[in-house]
Amino acid sequence: MPSNLGELEQLVLLVLLRLGEEGYGVPVRAMLAQRARRRVSLGTIYKTLVRLEAKGLVSTWMGEPTPERGGRRKKHYRVTPPGRRALTRSLNALRSLGRGLDPAWQVP
Amino acid sequence: MSRGRWLGRLLPPAEREFVLGDLEELHPGERRARPGYVLDLLRAALALRSARRAAPPLPTRGDPFVHTFLHDLRYGLRQIARSPSFALLSMLTLALGIGATTAIFSVVNPILFRALPYPDPDRIVRVAERDREGQDAGTGYATFVDVQKMATSFEAIAVSSQWQPTLQGSGDPERLDGQRVTQGFFSVLGVRPSLGRDFTAEENVRGRHRVTILSHGLWQRRFGADPSVLGRQVTFDGFAYTVVGVMPKSFESLLSPTAQLWAPLGYEVSLPWACRTCHHLGEYARLKPGISPAAAKRELDLISARLVAEYPTEYAAPGMLVVPLNTVVTRSVRPALLAALGAVGFVLLIACANVSSLLLGRAMQREAEFAIRGALGAGRRRVVRQLLTESVVLSLLGGAMGVGLAWWGVKGLVALAPAGLPRLNQIGIDGRVLGFTAALSVATGLLFGLVPALATARPDLFTALRPGGRHTGHRSRRLARGILVAGEVALSLMLLIGAGLLFRSLDRLLAVNPGFEPRGLLTMEVQTTGSRYADNPPVWSFFERALEAVKAVPGVETAGWTSQLPLGGNFDRYGVQIEGKLLANPEEAPSADRYAVSPDYLQAMRIPLKRGRTLGSKDGAAAPPVVLINETFARVGWAGEDPIGKRVQLGGADRPWRTVVGIVGDVHHTGLDEQQAPQIYIPEIQWIVADGAMVLAARTRGDPAALAPAVRAAIRSVDPSLPILHTATMDEVVSATAQSRRFAFVMFQVFAVVALLLAAAGIYGVLAGSVTERTREIGIRSALGASRGGLLTLVVRQGLLLTGAGLAAGTVGALALSRFLDRMLFGVGARDPATFAAVVLVLLAVALAACWVPAWRATRVSPLEALRAE
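Pasting the structure below:
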């Protein structure tokens, strides 16, 4: 029985799909702030990523060191196939429950 | 080190790199110490740690307990590597404490704590008659025979006596140490020969008793470990003995540690030396299972009462003694060993206190680290556990170094061991000792780590992280350090007092006049042996001619023979009846040390003649029998009368009366610390039986040891076949009698010096730390016009306060504990005020010296720098 996703987990998975090869801590935080209007600390993002990794929904690899990072490497995240399936299931549930409700959240 | 890098260590190592990279990206160019950066870092660390904990599928290797332990272990080792000087200092301190304890334990363990190397050792007891003082008087053969017949408490019972046969035949004649025993002796010990057989009951019978069992060592050394030795004839003292057995290699002869062979005693009750009053045998028995020594004693007391009723003139006192063998074996060395064990325990405690204090000092530096750990959710127990793991790691490393020290120390201890220390060959560092050391190290680590760990585990986050806020909130920890250091001072004081008391005892003891002049005296024992010396005249003639030869050696002033050498470890005591004062029970007569001597002996020893005349060559075999007595005998035997011209009788009613012709000075015979006993000197030639073994005392010009070869050669020129034993200068003989005390003293001395150094280091450490912490305060005081003297006083006062508290506590402790040294003391009270005062002064001086450097540093604090520092 695959576990259900929390909201932040859904958002982070979506952000990772959008970021592609650039999926690591700082851009994830930035995109959440810009496009989802969610200001969260890096710590919270790490926490979510660790949880997703533990569930096998994302995989990681270490990138190249860059000068603006003080010569430190990045830890990249990519959504795994089980991650995609979990996300699809989650979004489908949202869509099916939301369908038919008008924008004022009234049953027609 | 920048705070950023330092804080980075809070992150789990696996995540550290990319998180720090992300933070760098997020806060470009900002000073890392800014709150935003720190906050993000703290949150990241917190989140990552809690996420890991919350995520159950995260793989942990093995058991979580082990996992945490390994983590703490790695962390502890890293901490040690990060401050090598601190670590080295602590480890050396611990190595001293643990090493010394290990060394002492390895000596004490086989003697005091390990069971004797026999099956069911608790059932082996020594049985003895009592003298009038209730002390162990040995056993007479006739009494033993009766006890053996009547007593039901024992599974086996036997008597033994010393035996010093000379092995003749192939190779040089060699005198061996052995025992003559009755059948059942080995059953008492619960051992049997590994080759051949035990003695049989028939071999107890006189005439059939010339059989022998060899020790494994003798069998290997003299007989090439040849199994066909069984049944072979060996010549001892001119008599042929048949070898019937060889003891196993593992057999330890505790009753006679030097014994290398055994033969049946071969007594019968009719023999003159098998009488009831001939108490020269040692009686040993194995209790039946379930019978206690006390129960056996009750039975023997009943038997004794019957014997005393039957033979009222043969016993000094009714009742018998039953003493567990273990007590017998360890009795003489127990006080010295327990004292050493106590002393080393103190050293270990001091080492613990010292490292505890060091750790407390360091904990102040690491406060911020623990504050953040706390902030990140590390529980108090978790932090305590981490700290304890660190201290155990430290002490295990210290313990490993300590084993090295101990290995080296044990050699020294064995060399110093008091005479009669049993089981010497069992002393060494073996698995048991290593196990003890490991356990000790862990316990030590927990002990000295606990106080700092508890004091550190919950610091105040805000105080700890606020710059410049480091000088508050340490009061309780500083108090803890102060108490530890005061404790060190107290323990050192107790050790120093112990050392002082023992030193004064030794000093007093060696200052005791032995009654003769030991300097310039050479001694050695010669034993006549073999069929040639079966009669008296050849023995007398040999000793006379040998003495002439010795006196002819250049450098020898004069020389004499004696049957017993004072302080030589043996004694020969006879009951003496005084004419006109005959006692109904001769056993109640005063007993005197008997010396059969050649005329020049007293001169050679420089034993002063007090009255009358000394012995001379005219006191020959046919002349009227004469004796000299010592002053104590004159006082005890003839209170208020003149003993000269009076007559005495030694060794029984059938012996001749001997006239007292002179009174000589008292000589310490059994020990310098013993009461003077009556003594009696007889011309050797006037005794009924020639003493076969005599000790030479040669007065020399110059170094007596240098003359030993020439003197030996002179004796050999008369008869090369006789063994010469125990060559020593009289100074060495005297010094050996103080060996047990010297052992205890050297222990205390070494430990007290170590303790003193550790305590000084402790005082220094606390004050130096305090001066560093108070730099600002001192700077301000100095800026406000405090004089250098005032600043010195400020620091020294703190040090002296600690020292004073320690001295007060230590004095109380020493007053309470020094009585345990009582048995080791001589000529000085356990609460000798002079020793106490001297030791307090020494400690004060050392404490002042330890205060001086930090105090001097305080006066050098520049107010400007102190204020600018933060």
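Sequence order for the protein chains is A and B.
Residue numbers for the first sequence, in the working numbering: 443 to 550.
Residue numbers for the second sequence, in the working numbering: 4 to 873.
Think of the CB as a built atom: it goes at the ideal place given N, C-alpha and C, for glycine as much as any other residue.
Keep in mind it's a predicted model, so treat the numbers as computed, not measured.
Shorter than 9 Å from the beta carbon of residue i to some beta carbon of chain A?
i: B/PRO16; result: no
i: B/GLU28; result: yes
i: B/PRO31; result: yes
i: B/ARG46; result: yes
i: B/LEU23; result: yes
i: B/ASP433; result: no
i: B/LEU13; result: no
i: B/ASP75; result: no
i: B/ALA493; result: no
i: B/LEU10; result: no
i: B/LEU437; result: no
i: B/GLU868; result: no
i: B/GLU780; result: no
i: B/SER53; result: yes
Whole angstroms is fine: what's the gap from residue i's alpha carbon to residue j's?
i: B/THR316; j: B/CYS278; result: 12 Å
i: B/PRO836; j: B/GLY807; result: 18 Å
i: B/GLY705; j: B/VAL556; result: 13 Å
i: B/GLN580; j: B/GLY227; result: 52 Å
i: B/THR203; j: B/LYS152; result: 18 Å
i: B/SER164; j: B/HIS283; result: 7 Å
i: B/PRO292; j: B/ARG126; result: 7 Å
i: B/TRP855; j: B/VAL799; result: 7 Å
i: B/GLY137; j: B/GLY143; result: 16 Å
i: B/ASP304; j: B/VAL326; result: 14 Å
i: B/ILE632; j: B/ALA625; result: 21 Å
i: B/SER197; j: B/GLY248; result: 8 Å
i: B/ALA321; j: B/ALA308; result: In the sequence as displayed, the identity of residue 321 of chain B is Pro instead of Ala. Rounded to whole angstroms, B/PRO321 to B/ALA308 spans 6 Å at the Cα level.
i: B/TYR767; j: B/GLU372; result: 26 Å
i: B/GLN186; j: B/ASP201; result: 8 Å
i: B/LEU290; j: B/ASP149; result: 17 Å
i: A/GLY513; j: B/GLY24; result: 8 Å
Quick check on residue i - is its C-beta less than 9 Å from some C-beta in chain B?
i: A/MET473; result: no
i: A/VAL468; result: yes
i: A/GLY512; result: yes
i: A/ARG515; result: yes
i: A/MET443; result: Bear in mind that the predicted position of A/MET443 carries a pLDDT of just 42, short of 50, making it unreliable; the figure below should be weighed with that in mind. No, no contact with chain B.
Given the structure, does residue i come close to the ligand PLP, in the sense that its CB is under 8 Å from one of the ligand's heavy atoms?
i: B/LEU29; result: Only the bare structure without any ligand can be found here, which leaves the ligand PLP out of the picture.
Considering only DSSP beta bridges, list what residue i is partnered with.
i: B/SER879; result: Outside the displayed span of chain B (4 to 873) sits residue 879 of chain B, for which this structure offers no information.
i: A/ARG514; result: A/THR508
i: B/GLU528; result: B/VAL698 and B/LEU728
i: B/GLN236; result: B/THR245
i: B/TRP660; result: B/GLN652
i: B/VAL139; result: Val is not the amino acid found at residue 139 of chain B; the sequence shown has Asp there. According to DSSP, B/ASP139 bridges with B/ARG133.
i: B/ILE127; result: B/ARG289
i: B/GLU177; result: B/LEU170
i: B/GLY578; result: B/SER594
i: B/SER163; result: B/VAL184 and B/GLY285
i: B/THR105; result: Answer by DSSP bridge pairing: none, since B/THR105 is not bridged.
i: B/PHE157; result: B/LEU290
i: B/ILE683; result: B/ARG597 and B/ILE632
At a Cβ cut of 7 Å, what residues of the segment 360-387 of chain B count as close to chain A, listed as they run along the chain?
-> For the segment 360-387 of chain B, which is checked against every Cβ of chain A, not one residue is closer than 7 Å.
Against chain B: residues of the segment 477-509 of chain A by CB proximity under 9 Å = Cβ contacts with chain B: SER483, LEU484, GLY485, THR486, ILE487, TYR488, LYS489, THR490, LEU491, VAL492, ARG493, GLU495, ALA496, LYS497, GLY498, MET504, GLY505, PRO507 and THR508.
Below 9 Å between beta carbons is the criterion; list the residues of the segment 522-546 of chain A that meet it against any residue of chain B, in chain order.
-> none
Length-filtered (4 minimum) alpha helix (DSSP H) runs lying within the segment 736-809 of chain B = 742-776 and 778-786
Sequence ranges, beta strand (DSSP E) only - wholly within the segment 269-354 of chain B, length at least 3 = Restricted to the segment 269-354 of chain B, the beta strand (DSSP E) segments that are unbroken, complete and at least 3 residues in length are 285-290 and 323-327, listed in chain order.
The segment 788-817 of chain B: which residues have C-beta closer than 9 Å to a C-beta of chain A, in chain order?
-> Listed by position along the chain: nothing, the set is empty.
Only counting runs of 4 or more residues, tell me where the alpha helix (DSSP H) segments fall wholly within the segment 382-435 of chain B, in order along the chain.
-> Unbroken alpha helix (DSSP H) runs of no fewer than 4 residues, entirely contained in the segment 382-435 of chain B, are found at 383-419, following chain order.
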